[in-house]
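Worksheet: the structure to be examined is printed underneath.
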Amino acid sequence: GESVGLHLPTLSVQEGDNSIINCAYSNSASDYFIWYKQESGKGPQFIIDIRSNMDKRQGQRVTVLLNKTVKHLSLQIAATQPGDSAVYFCAEIPSGSARQLTFGSGTQLTVLP
Amino acid sequence: GAVVSQHPSWVICKSGTSVKIECRSLDFQATTMFWYRQFPKQSLMLMATSNEGSKATYEQGVEKDKFLINHASLTLSTLTVTSAHPEDSSFYICSAGGWGNQPQHFGDGTRLSIL
Numbered sequence: 000g001e002s003v004g005l006h007l008p009t010l011s012v013q014e015g016d017n018s019i020i021n022c023a024y025s026n027s028a029s030d031y032f033i034w035y036k037q038e039s040g041k042g043p044q045f046i047i048d049i050r051s052n053m054d055k056r057q058g059q060r061v062t063v064l065l066n067k068t069v070k071h072l073s074l075q076i077a078a079t080q081p082g083d084s085a086v087y088f089c090a091e092i093p094s095g096s097a098r099q100l101t102f103g104s105g106t107q108l109t110v111l112p
Numbered sequence: 050g051a052v053v054s055q056h057p058s059w060v061i062c063k064s065g066t067s068v069k070i071e072c073r074s075l076d077f078q079a080t081t082m083f084w085y086r087q088f089p090k091q092s093l094m095l096m097a098t099s100n101e102g103s104k105a106t107y108e109q110g111v112e113k114d115k116f117l118i119n120h121a122s123l124t125l126s127t128l129t130v131t132s133a134h135p136e137d138s139s140f141y142i143c144s145a146g147g148w149g150n151q152p153q154h155f156g157d158g159t160r161l162s163i164l
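So the protein lines, in turn, are chains W and X.
The numbers in the first sequence follow our numbering, run straight up by one, and end at 112.
The numbers in the second sequence follow our numbering, run straight up by one, and end at 164.
Given below as structure tokens:
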């Protein structure tokens, strides 16, 4: 859905702890989901993706979980580092669309020393 | 990996002028590119889909005469903000790719400030 003038949700974690960022998506027809990281003043950077025929996918220090029943997506970051501080967006692509991304509202992750 | 380059990264200009922003795919061909707008503390909003060799497709509420898009080659799309006014000030971001089970890749954005 669209973000209309809302402040970003925030998450603060201690360096070295694990982070979990959640996202509720809107379209049950979406079959492809992506997590992006956006640092201040930069464009979004791809982190990890998952297709609707999977419920879990792991990358380097990151894991994405997909629950299609409740239309929920989560990003887990292991051993969070200061460089992980950024805004994290989930994005969905409905099947059959022209590959247009719909972004979630984003979460500001702050890693405390 | 795939790289998308955006230029300029920062523009300040007077109200009423037109501003052109370029988006290039550096190591792959992109028949489709996307233009987004982002206000502070908000998410990215898709403005339009740029199609090589044909007209762009604009999202509802985006004025096509205000935001001119040209996609003249497989590696370049341009967004021109015509007769820009202070309310057009924003962060404009382009992306390319997203076909063949690959994610879209984004440029680093253009910060547009209209005085």
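Ideal Cβ placement from N, Cα and C applies to all residues, glycine included.
First and last residue of the uninterrupted beta strand (DSSP E) at residue i
i: V111/X; result: From DSSP, V111/X is part of no beta strand (DSSP E); its letter is neither H nor E.
i: S99/X; result: L93 to N100
i: L108/W; result: T106 to L111
i: N21/W; result: S18 to A23
i: D30/W; result: S29 to Q37
CA nearest to the CA of residue i, picked from the options
i: D48/W; options: I163/X, H154/X and S74/X; result: H154/X
i: L117/X; options: K63/X, I61/X, K69/X and C62/X; result: K69/X
i: T98/X; options: T124/X, F77/X, M82/X and K90/X; result: M82/X
i: I19/W; options: D30/W, V63/W and Q99/W; result: V63/W
i: I92/W; options: M53/W, T101/W, R60/W and L108/W; result: T101/W
i: S51/W; options: N17/W, V69/W and Y35/W; result: V69/W
i: S54/X; options: D114/X, Q78/X and I61/X; result: Q78/X
i: A77/W; options: S94/W, V110/W, D30/W and F32/W; result: V110/W
i: G15/W; options: E38/W, Q75/W and S94/W; result: Q75/W
Length of the line joining the Cα atoms of residue i and residue j
i: G40/W; j: N66/W; result: 32 Å
i: S132/X; j: K63/X; result: 9 Å
i: T9/W; j: F45/W; result: 20 Å
i: A145/X; j: R73/X; result: 9 Å
i: Q109/X; j: M94/X; result: 11 Å
i: S67/X; j: N119/X; result: 15 Å
i: D157/X; j: S58/X; result: 7 Å
i: P135/X; j: P89/X; result: 15 Å
i: G4/W; j: S104/W; result: Reliability of the predicted coordinates at G4/W is poor, the pLDDT of 41 falling under 50, and the value obtained from them is presented with this limitation in mind. Looking at the two C-alpha atoms, the distance is approximately 10 Å.
i: G0/W; j: V130/X; result: Legend: pLDDT at G0/W = 36, less than 50; position of this residue unreliable, no value from coordinates given.
i: S2/W; j: T106/W; result: The predicted model places S2/W with a pLDDT of 37, which falls under 50 and marks its position as unreliable, so this point remains unresolved.
With 16 other Cβ atoms within 10 Å as the buried cut-off, status of residue i
i: I142/X; result: buried
i: R86/X; result: buried
i: Q80/W; result: exposed
i: V52/X; result: exposed
i: A23/W; result: exposed
i: S126/X; result: buried
i: G42/W; result: buried
i: F88/W; result: buried
i: P152/X; result: buried
i: M53/W; result: exposed
i: L108/W; result: buried
i: T159/X; result: buried
i: S139/X; result: buried
Counterpart residues of residue i in DSSP-defined beta bridges
i: K70/W; result: Paired residues: none, contrary to the question.
i: G146/X; result: Q153/X
i: M82/X; result: S99/X and A145/X
i: R56/W; result: V63/W
i: P135/X; result: DSSP, once it has assigned bridges, lists no residue as partnering P135/X.
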